[in-house]
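Residue numbers (our numbering), protein chains in the order written: chain V, 355 to 663; chain P, 355 to 663. Quick reminder that beta carbons are idealized off the backbone N, C-alpha and C, glycines included. The next block holds one structure in the form of structure tokens; read it before the comments.
Protein chains: 2
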Amino acid sequence: MKMAKAFAPASIGNIGPGFDVLGMAITGLGDTVTAEKNRGRDVVIREIKGGDGTIPLETDRNTAGIAAKEVLKLVKAKHGVDLIIQKNIPGTGLGSSAASAVAAAVAVNALFGNKLDREELIPPCAAAEHSVSGGYFIDNVSASLFGGIIVSHAAQRQAFSIGTIPDLVVVVVTPYHSVLTKISRAVLPDKVPLSLAVSNMAFTATMVAAVAQKNARRFGLAIQDGIVEPARAHLIPGFPDVKAAALKAGALGASISGAGASVFAVTDRKSHAKKIGLAMQKVFQQHGISSVITVSRVDKHGARVLRAR
Amino acid sequence: MKMAKAFAPASIGNIGPGFDVLGMAITGLGDTVTAEKNRGRDVVIREIKGGDGTIPLETDRNTAGIAAKEVLKLVKAKHGVDLIIQKNIPGTGLGSSAASAVAAAVAVNALFGNKLDREELIPPCAAAEHSVSGGYFIDNVSASLFGGIIVSHAAQRQAFSIGTIPDLVVVVVTPYHSVLTKISRAVLPDKVPLSLAVSNMAFTATMVAAVAQKNARRFGLAIQDGIVEPARAHLIPGFPDVKAAALKAGALGASISGAGASVFAVTDRKSHAKKIGLAMQKVFQQHGISSVITVSRVDKHGARVLRAR
Numbered sequence: 355m356k357m358a359k360a361f362a363p364a365s366i367g368n369i370g371p372g373f374d375v376l377g378m379a380i381t382g383l384g385d386t387v388t389a390e391k392n393r394g395r396d397v398v399i400r401e402i403k404g405g406d407g408t409i410p411l412e413t414d415r416n417t418a419g420i421a422a423k424e425v426l427k428l429v430k431a432k433h434g435v436d437l438i439i440q441k442n443i444p445g446t447g448l449g450s451s452a453a454s455a456v457a458a459a460v461a462v463n464a465l466f467g468n469k470l471d472r473e474e475l476i477p478p479c480a481a482a483e484h485s486v487s488g489g490y491f492i493d494n495v496s497a498s499l500f501g502g503i504i505v506s507h508a509a510q511r512q513a514f515s516i517g518t519i520p521d522l523v524v525v526v527v528t529p530y531h532s533v534l535t536k537i538s539r540a541v542l543p544d545k546v547p548l549s550l551a552v553s554n555m556a557f558t559a560t561m562v563a564a565v566a567q568k569n570a571r572r573f574g575l576a577i578q579d580g581i582v583e584p585a586r587a588h589l590i591p592g593f594p595d596v597k598a599a600a601l602k603a604g605a606l607g608a609s610i611s612g613a614g615a616s617v618f619a620v621t622d623r624k625s626h627a628k629k630i631g632l633a634m635q636k637v638f639q640q641h642g643i644s645s646v647i648t649v650s651r652v653d654k655h656g657a658r659v660l661r662a663r
Numbered sequence: 355m356k357m358a359k360a361f362a363p364a365s366i367g368n369i370g371p372g373f374d375v376l377g378m379a380i381t382g383l384g385d386t387v388t389a390e391k392n393r394g395r396d397v398v399i400r401e402i403k404g405g406d407g408t409i410p411l412e413t414d415r416n417t418a419g420i421a422a423k424e425v426l427k428l429v430k431a432k433h434g435v436d437l438i439i440q441k442n443i444p445g446t447g448l449g450s451s452a453a454s455a456v457a458a459a460v461a462v463n464a465l466f467g468n469k470l471d472r473e474e475l476i477p478p479c480a481a482a483e484h485s486v487s488g489g490y491f492i493d494n495v496s497a498s499l500f501g502g503i504i505v506s507h508a509a510q511r512q513a514f515s516i517g518t519i520p521d522l523v524v525v526v527v528t529p530y531h532s533v534l535t536k537i538s539r540a541v542l543p544d545k546v547p548l549s550l551a552v553s554n555m556a557f558t559a560t561m562v563a564a565v566a567q568k569n570a571r572r573f574g575l576a577i578q579d580g581i582v583e584p585a586r587a588h589l590i591p592g593f594p595d596v597k598a599a600a601l602k603a604g605a606l607g608a609s610i611s612g613a614g615a616s617v618f619a620v621t622d623r624k625s626h627a628k629k630i631g632l633a634m635q636k637v638f639q640q641h642g643i644s645s646v647i648t649v650s651r652v653d654k655h656g657a658r659v660l661r662a663r
């Protein structure tokens, strides 16, 4: 095989209360990576299409490059690869770095005969995320890899998909305002009141149960985070008002997507999605910030090989 | 109607990492309460059968009495009731006070025409638990009421059953050593490291997913609590050794049942249950404490009216 091209969806980490535990792949946004064998032993990022021009081409500073290198090691490849990265995820907070890593890992794995299964691709992708964010978490990479809504335990290196809720509609508003995951993680408290930990745990457990029950309403109403959202709210201009506007417009729940600055809201009524998105966008505008609205559903499939020859 | 008799199963609160969130009704143990209308307006506890003789007959200090009083208020009863309580739950840590409250609430509700649905019986039972323990939690009462494995959010006054895992076998070893819930709650830290909160949240989410997947193995392996178990271990003589013995004998996971002193272990192999129980009992014996072994499964049905006329 000479080339393989793979797609990996964008994702929402945490999904509110489930910090570093829950993640959700979403439809409509994602990165595509084409990997071609080269004559050397290295990973060369040949081109990055799309994106905002800030993503480094240097292999060791690019999550696709790092993940590709790790996969090459694991499959004991005798070739290097050239990568072409097509970005289609706006701003920050939608697992953009994870999607690039996952698409690269899946493409390179396909290029060398799919020796690794999906679970085995988590560590290479997590290593890539770690190197750019400083944290070890796998909610975005496992959502992007497996699809659906996932439960992850980073310290245990474990994650699995629990499926989807067909009725769930996800509205994401991405402001033109970047938040670095490194900074988003640095503002978190070292210790939290036990009562808040119990509350977040109960809401997270409720959300997992709601996925099993295909209950969009229960899922959305449980998006209540007393720990991470309050600590990060100040990093996103106007966040409390954006969230309030989403709820006022009929969203079941809303919170920061991953480390931000994207903000997401959920509803079980497709007809409400546009109104919710516009209400959120309007508030960002009032704070002097332009934004992009994306209306999605849960991506059930996760990363997939688009072409291999 | 003149009398109603109801049964409520014993339960395991927390189930390891899910402090105040997860609960499980178990088969084979439980309390029965008979309620009869009397000529006054009060709740009179006529008799307590079984038990260790320490449970107060005084209505306001007895969880069955308190729950019965609360239900009488809610149904606007024009009669009082006499209660006969039959205890069949050994020691502490198996939701004994909750089962008495639940059985009383269900019996009294039946006696007055089942005006309240199951969800509406949570507050009366929670009030009873609160008055004897000082904490407001509903994991035991909702497990005993609804049956199955439950997810609860005490501060939100919400709980629901997520069903059962048919393969799950639960071994409980109850030492002759009481631990008061009040004391068990007092030893908990006010604040916990965020990393531990995330870990407990991930294990709890995994357990909920495992119930949906009917995966006893995943459920059992996720019974890992880095917050509450370490804080309470010293209240149960020999606990670390009892737990280690359970795991060595083949249990998938083990922890303190509720506030203790009972210790539970789970397995997906019925044939291992006796061995696991005996191994745990032996360690308690080495610490000079006699104990009772109960081999159970998840009680799917929850509290039920046995007779009403």
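query                                                                                                                                                                               : result
Let me make sure I understand the geometry here. Which of V:SER485, V:HIS531, V:VAL495 and V:GLY489 has the alpha-carbon closest to that of LEU475 of chain V?                      : V:VAL495
Please state the DSSP three-state secondary structure of GLN510 of chain V.                                                                                                         : helix
In the structure shown, what three-state DSSP assignment does ASN392 of chain V receive?                                                                                            : strand
Rounded C-beta distance between ALA379 of chain P and VAL462 of chain P? I'm assuming under 8 Å.                                                                                    : About 20 Å separates the two Cβ atoms, so there is no contact after all.
Can you give me the Cβ contacts of LEU660 of chain P inside the same chain, cut-off strictly under 8 Å, excluding the 5 residues immediately before and after it?                   : LYS359, ALA360, PHE361 and THR386
By the 9 Å beta-carbon criterion, what residues does the segment 530-564 of chain V contribute toward chain P?                                                                      : LEU542, PRO543, ASP544, LYS545, VAL546, PRO547, LEU548, SER549, LEU550, ALA551, VAL552, SER553, ASN554, MET555, ALA556, PHE557, THR558, ALA559, THR560, MET561, VAL562 and ALA563
Can you give me the Cβ contacts of LEU550 of chain P inside the same chain, cut-off strictly under 6 Å, excluding the 5 residues immediately before and after it?                   : GLY580 and ILE581
Quick one: does the C-beta of SER609 of chain V sit closer than 7 Å to a heavy atom of the ligand GTP?                                                                              : Judged by which ligands are present, the structure shown has none, so any question about the ligand GTP falls away.
I want to verify the contact list: residues of chain V whose CB lies under 7 Å from the CB of ALA480 of chain P, in sequence order.                                                 : Here the premise fails: no neighbours, minimum Cβ distance about 14 Å.
For ILE409 of chain V versus ILE420 of chain V, is the C-beta spacing smaller than 8 Å?                                                                                             : no
Return no unless some Cβ of chain V is closer than 8 Å to the Cβ of SER487 of chain P.                                                                                              : no
Using the beta-carbon of each residue, which ones in chain P are nearer than 8 Å to SER506 of chain V?                                                                              : ALA556
Assuming ALA627 of chain V and VAL523 of chain V are in contact, meaning their beta carbons sit under 8 Å apart, how far apart are those beta carbons, in whole angstroms?          : 5 Å
Just the Cα atoms here: how many angstroms apart are ARG415 of chain V and PHE618 of chain V?                                                                                       : 28 Å
Just how far apart, CA to CA, sit GLN567 of chain P and ASP521 of chain P?                                                                                                          : 11 Å
Exposed or buried, SER644 of chain V, counting other C-beta atoms within 10 Å across all chains shown (16 or more means buried)?                                                    : exposed
Residues of chain V with CB under 9 Å from VAL652 of chain P, in chain order?                                                                                                       : The contacting residues do not exist; VAL652 of chain P stays about 15 Å from chain V at best.
Would you call ASP436 of chain P buried or exposed, if buried means 16 or more other Cβ atoms sit within 10 Å of its Cβ?                                                            : buried
Could you tell me whether the Cβ of ILE323 of chain P comes closer than 8 Å to any Cβ of chain V?                                                                                   : Given a span of 355 to 663 for chain P in the structure shown, any question on residue 323 of chain P remains unanswerable.
Give the interface partners of ALA452 of chain P over in chain V, defined as CB-CB distance under 7 Å, in chain order.                                                              : None at all; the shortest Cβ gap to chain V is about 18 Å.
Would MET555 of chain V be called buried (16 or more neighbouring beta carbons within 10 Å of its own) or exposed?                                                                  : buried
Residues in the same chain with beta-carbon distance under 8 Å from PRO594 of chain P, minus the five sequence neighbours each way, listed in chain order, please.                  : ALA587
Throw me the rounded Cβ distance for the VAL460 of chain V and GLY434 of chain V pair, which I believe falls under 8 Å.                                                             : With 8 Å as the limit, VAL460 of chain V and GLY434 of chain V do not qualify as a contact, their Cβ atoms being about 18 Å apart.
Exposed or buried, which one is LYS430 of chain V when buried takes at least 16 other CB atoms within 10 Å?                                                                         : exposed
Against chain P, which members of the segment 577-610 of chain V pass a CB distance test of less than 7 Å?                                                                          : none
Between ALA459 of chain V and chain P, is any beta-carbon pair separated by less than 8 Å?                                                                                          : no
Can you give me, in chain order, the residues of the segment 370-394 of chain V that have a beta carbon less than 9 Å from any beta carbon in chain P?                              : PRO371, GLY372, PHE373, ASP374, VAL375 and LEU376
Enumerate in chain order the residues of its own chain whose CB-to-CB distance from ASN392 of chain V is below 7 Å, with the five nearest sequence positions on each side excluded. : VAL398, HIS433, GLY434, VAL435 and ASP436
Helix, strand or coil for LYS403 of chain P, going by three-state DSSP, please let me know.                                                                                         : strand
Within 10 angstroms of the Cβ of ALA570 of chain P, are there 16 or more other Cβ atoms? Answer buried if so, exposed if not.                                                       : buried
Tell me where the beta strand (DSSP E) around LEU475 of chain P begins and ends.                                                                                                    : Run containing LEU475 of chain P: none; DSSP gives neither H nor E here.
Could you tell me which chain V residues have their CB closer than 9 Å to the CB of ALA566 of chain P, listed as they occur along the chain?                                        : ILE516, GLY517, VAL562, ALA563, VAL565, ALA566 and GLN567
Check whether the Cβ atoms of ASP374 of chain V and ASP493 of chain V lie closer than 8 Å to each other.                                                                            : yes
Exposed or buried, what is GLY367 of chain V when buried is set at 16 or more other beta-carbons lying within 10 Å of its beta-carbon?                                              : buried
Please check the pair ILE369 of chain P and MET634 of chain P, which I expect to be a contact at CB under 8 Å, by giving their CB distance rounded to whole angstroms.              : Not a contact, Cβ separation roughly 17 Å.
Tell me which same chain residues have a C-beta within less than 6 Å of the C-beta of HIS531 of chain P, skipping the five on either side of it?                                    : ALA615 and ILE643
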